[in-house]
Amino acid sequence: MSVERKSPQIVAFDGLHRSGKGTQAALLHEANMEAGAKSIIVRGDGTRDGLGLTEGDPYCSEWQKRGREMKSGNSNSVEDWNASSLLLMTELQEHVRENEKDMIIVDRSLLSRAAFLLHRGVFYPSDEITIEDLYPENSILDADCRVDFDKTIPDLVFNLRAAKPKVLLERLDKDDPKYQFRSRNIKGGFSAAQSAVDLLPSNMRERVVNLDCSEDEKAIHGRVLASLGKSGLGLWLKKI
1 MSVERKSPQI VAFDGLHRSG KGTQAALLHE ANMEAGAKSI IVRGDGTRDG LGLTEGDPYC
61 SEWQKRGREM KSGNSNSVED WNASSLLLMT ELQEHVRENE KDMIIVDRSL LSRAAFLLHR
121 GVFYPSDEIT IEDLYPENSI LDADCRVDFD KTIPDLVFNL RAAKPKVLLE RLDKDDPKYQ
181 FRSRNIKGGF SAAQSAVDLL PSNMRERVVN LDCSEDEKAI HGRVLASLGK SGLGLWLKKI
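Per the numbering used here: the sequence shown ends with 240, consecutive numbering throughout.
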């Protein structure tokens with residue numbers, strides 16, 4: 001039986017490649033399940049694999065194709081990435097509407113979106129933006145598909161940061177097929193990732209918790225649980 005809830009809580013993890021966001025998302029998911037809560041991990045920005053290996057990544061040949069094209073650079077325009085990220089947001093909205101989970105854990109969210117647009121020169125650190133600016137095509141979607149950001153913005157965003165790019169680059173596996181893609185993103189996107197939180201509107205910045213990704217993963221997980229508790233989220237986690 002699921003714990004009592006009014007709607008799914010949404011908790012996000014942001015950070016560059018090898019910041020440990022995927023590990024922290026998995027640890028929180030496991031903690032939720034151990035406490036008897038219903039939990040799912042979904043991708044919130046960029047692309048998803050579409051391989052059907054997890055509940056949060058159902059099989060989809062179109063996502064597989066999209067991911068290959070975008071990561072290879074064949075389809076790499078700002079417009080392509082905007083469309084992909086908006087599609088992920090519509091999928092997140094479906095999970096919220098289904099209301100079957102106690103917590104939806106989002107791997108990449110608002111900060112990743114803002115960092116990408118900063119890196120591509122769409123925005124500058126001094127700009128003042130709204131959530132709608134991060135998803136410019138949302139307003140032209142049909143009403144039943146349009147994302148309601150009031151219901152999909154994360155309740156809390158954990159921002160895993162490194163002091164220097166070297167911390168993340170040293171964690172890369174040079175035999176990984178995605179090595180060049182990830183290395184390029186870390187080197188080119190580091191400055192934007194550091195500045196992304198300042199681009200967000202104040203009501204969204206208040207939801208961001210900065211974490212040092214160089215710490216031990218268990219120590220970071222402990223900080224995540226403590227921050228959730230202080231925010232009144234994941235109260236079932238106190239039972240484990």
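No residue lacks a Cβ here, since even glycine has one placed at the ideal position from N, Cα and C. All of these numbers come straight from a predicted model, not from anything done at the bench.
Query                                                                                                     : Result
Cutoff 6 Å; reference residue 117; Cβ partners in own chain excluding five residues on either side        : 123
Beta-carbon proximity list for residue 25, same chain, < 7 Å, skipping 5 on both sides                    : 13, 41, 105, 107
Residue 210 - partner residues in DSSP beta bridges                                                       : 159
Rounded Cβ spacing between residue 136 and residue 199 (contact assumed at less than 8 Å)                 : Not confirmed; about 15 Å, so no contact.
Bridge partners - residue 39, DSSP secondary structure assignment                                         : 103
Alpha-carbon to alpha-carbon, residue 143 and residue 218                                                 : 43 Å
Any 3 or more C-beta pairs closer than 8 Å across the segment 49-56 and the segment 199-213               : no
Enclosing beta strand (DSSP E) for residue 14 [first to last residue]                                     : 9-14
Counted within 10 angstroms of its Cβ, other Cβ atoms place residue 140 as buried (16 or more) or exposed : exposed
Cα-Cα separation between residue 37 and residue 170, rounded to whole angstroms                           : 36 Å
Residue 156 versus 223, 23, 76, 35, residue with shortest Cα-Cα distance                                  : 223
Segments of 3+ residues assigned as beta strand (DSSP E) that fall wholly inside the segment 79-136       : 103-107
For residue 57: DSSP bridge partner residues                                                              : 54
Rounded C-alpha distance that separates residue 3 from residue 95                                         : Caution applies to residue 3, whose pLDDT of 45 falls short of 50 and renders its modelled position unreliable; the model cannot decide the point.
Member of 10, 11, 16 whose CA lies at the smallest distance from the CA of residue 214                    : 16
Proximity of residue 163 and residue 115 at Cβ, strictly below 8 Å                                        : no
C-beta contact flag for residue 89 and residue 152 at 8 Å                                                 : yes
Residue 29 versus residue 87 - alpha carbon distance                                                      : 23 Å
Span separating the alpha-carbon of residue 208 from that of residue 159                                  : 7 Å
Reduced DSSP secondary structure (H/G/I, E/B, other) of residue 201                                       : coil
Residue 141 in three-state terms, based on DSSP                                                           : coil
Residue range of the alpha helix (DSSP H) that includes residue 224                                       : 217-230
Distance CB(residue 161)-CB(residue 210) smaller than 8 Å                                                 : yes
Residue 19 (DSSP reduced to helix, strand or coil)                                                        : coil
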